[in-house]
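Novice:
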């Protein structure tokens, strides 16, 4: 699918040259493409957090844009690299569960293993497939490379089930699925599951009602807000909720839904 945009999500950070090298490869193969940096601060090898940010950001990309995701603890092993077409976008990623949650936002139309060596660099390292396979493939496919020549069709890609919240009567059970750099604990509980007067319990911290925005919380007050991803988040004004209360991804949340 031809596109002018390639977005990047990686766990490479900014202190090493990995991101710059990948961009250089992309531009060397396709100098007309625009690169969008979504984030390079995924915690190392954290596939679930990467899956969350793929899900959270994909609908904001220009239509037909490519999302290139490199969080690849299995690099150099038998795991495949895949190209996925959704109803509005396309993704290149290692087949390790990274694309699992995108279907919460967009239907997957087609998936293929990238096994056409015309899409690779001539020399393949066993430790940097982001540079040698994924970056050149993204650049060449973005030019309009024939989809049926990308590689073998593939339906059995790895999936990590999205942890949907459970509603029992007037109680909703959920969990923390991401923690942002401000320490806000992002849950899997969508805004439609709660009301402004709901009572929230996370790690025995009781929070009564929703606050409209972070700044409206009292100093050092724990608050619940509907964040920009439309999930319930827990925060402390001008502080770090997760560090203060030792919150971890997977911690359970209970909500009493009050009218």
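Numbering (the numbering used here), first residue to last: 13 to 271. Every residue, glycine too, gets a C-beta built ideally from N, C-alpha and C.
Nearest-angstrom Cα distance between residue 47 and residue 72?
Specialist: To locate residue 47, count along the chain shown from 1; it is residue 35. To locate residue 72, count along the chain shown from 1; it is residue 60. Distance between the alpha carbons of residue 47 and residue 72: 14 Å.
Novice: Is residue 131 helix, strand or coil when you go by DSSP?
Specialist: Your numbering for residue 131 matches position 119 in the chain shown. Residue 131 falls in the helix class under three-state DSSP.
Novice: Return helix, strand or coil for residue 271, following the three-state DSSP convention.
Specialist: Taking the first residue of the chain shown as position 1, residue 271 is located at position 259. Of the three classes helix, strand and coil, the one that applies to residue 271 here is coil, per DSSP.
Novice: Expressed to the nearest angstrom, what Euclidean distance is found between the alpha-carbon atoms of residue 231 and residue 238?
Specialist: Position 219 of the chain shown holds residue 231. Position 226 of the chain shown holds residue 238. Their Cα atoms are separated by approximately 19 Å.
Novice: To the nearest angstrom, report how far apart residue 118 and residue 221 are at their CA atoms.
Specialist: In the chain shown, residue 118 corresponds to position 106, counting from 1. In the chain shown, residue 221 corresponds to position 209, counting from 1. Straight-line Cα distance between these residues: approximately 31 Å.
Novice: Using DSSP with H/G/I as helix, E/B as strand and the rest coil, what is residue 146?
Specialist: If you number the chain shown from 1, residue 146 lands on position 134. In the displayed model, residue 146 falls within a helix according to three-state DSSP.
Novice: Could you name the residues that DSSP lists as bridge partners for residue 260?
Specialist: The sequence position of residue 260 within the chain shown is 248, counting from 1. Partner(s): none; residue 260 has no beta bridge.
Novice: According to DSSP, is residue 117 part of a helix, a strand, or is it coil?
Specialist: One-based indexing of the chain shown puts residue 117 at position 105. It is coil, neither helix nor strand.
Novice: Measure the Cβ-Cβ separation of residue 144 and residue 152 and say whether it is below 8 Å.
Specialist: Indexing the chain shown from 1 puts residue 144 at position 132. Indexing the chain shown from 1 puts residue 152 at position 140. For residue 144 and residue 152, no; Cβs fall outside 8 Å.
Novice: According to DSSP, simplified to helix, strand and coil, what is residue 78?
Specialist: The count along the chain shown starts at 1 and reaches residue 78 at position 66. Of the three classes helix, strand and coil, the one that applies to residue 78 here is strand, per DSSP.
Novice: In whole angstroms, give me the CA-to-CA distance for residue 105 and residue 82.
Specialist: The sequence position of residue 105 within the chain shown is 93, counting from 1. The sequence position of residue 82 within the chain shown is 70, counting from 1. In this structure, the alpha-carbon of residue 105 lies about 6 Å from that of residue 82.
Novice: Taking residue 21 as the reference, which of 14, 61, 42 has the closest Cα?
Specialist: In the chain shown, counting from the first residue as 1, residue 21 sits at position 9. Checking every option, the nearest Cα to that of residue 21 belongs to 61.
Novice: Going by DSSP in three states, residue 246 sits in which element: helix, strand or coil?
Specialist: By 1-based counting over the chain shown, the position of residue 246 is 234. Strand.
Novice: At the level of alpha carbons, what is the spacing between residue 84 and residue 159?
Specialist: Taking the chain shown and counting its residues from 1, one reaches residue 84 at position 72. Taking the chain shown and counting its residues from 1, one reaches residue 159 at position 147. Rounded to whole angstroms, the separation of the alpha carbons of residue 159 and residue 84 is 24 Å.
Novice: With a floor of 3 residues, list each beta strand (DSSP E) that falls wholly inside the segment 182-221, ordered by position along the chain.
Specialist: Taking only runs of at least 3 residues, the beta strand (DSSP E) segments lying wholly in the segment 182-221 are 183-191, 197-202, 211-214, 217-220.
Novice: What residue range does the alpha helix (DSSP H) around residue 180 cover?
Specialist: Start at 1 with the first residue of the chain shown, and residue 180 comes out as number 168. Counting along the chain, residue 180 falls outside any alpha helix (DSSP H), though it belongs to the beta strand (DSSP E) covering 178-180.
Novice: Rounded to the nearest angstrom, what separates residue 216 and residue 264 at their Cα positions?
Specialist: Counted from its first residue, the chain shown places residue 216 at position 204. Counted from its first residue, the chain shown places residue 264 at position 252. Near 10 Å, if we compare the C-alpha coordinates of residue 264 and residue 216.
Novice: Which of the three DSSP states is assigned to residue 60 in this structure?
Specialist: Here residue 60 corresponds to residue number 48 of the chain shown, with the count starting at 1. Helix, per DSSP.
Novice: Per DSSP, what kind of secondary structure is residue 83 in: helix, strand or coil?
Specialist: Within the chain shown, numbered from 1, the residue matching residue 83 stands at position 71. Look at residue 83 here: in three-state DSSP terms it is coil, with no helix or strand label.
Novice: What's the gap between the Cα of residue 269 and the Cα of residue 43?
Specialist: If you number the chain shown from 1, residue 269 lands on position 257. If you number the chain shown from 1, residue 43 lands on position 31. One C-alpha to the other measures close to 53 Å.
Novice: Can you name the start and end residues of the beta strand (DSSP E) that residue 97 belongs to?
Specialist: Residue numbering aside, residue 97 sits at position 85 when the chain shown is read from its first letter. It spans 93-98 - the beta strand (DSSP E) in which residue 97 sits, taken as one unbroken run.
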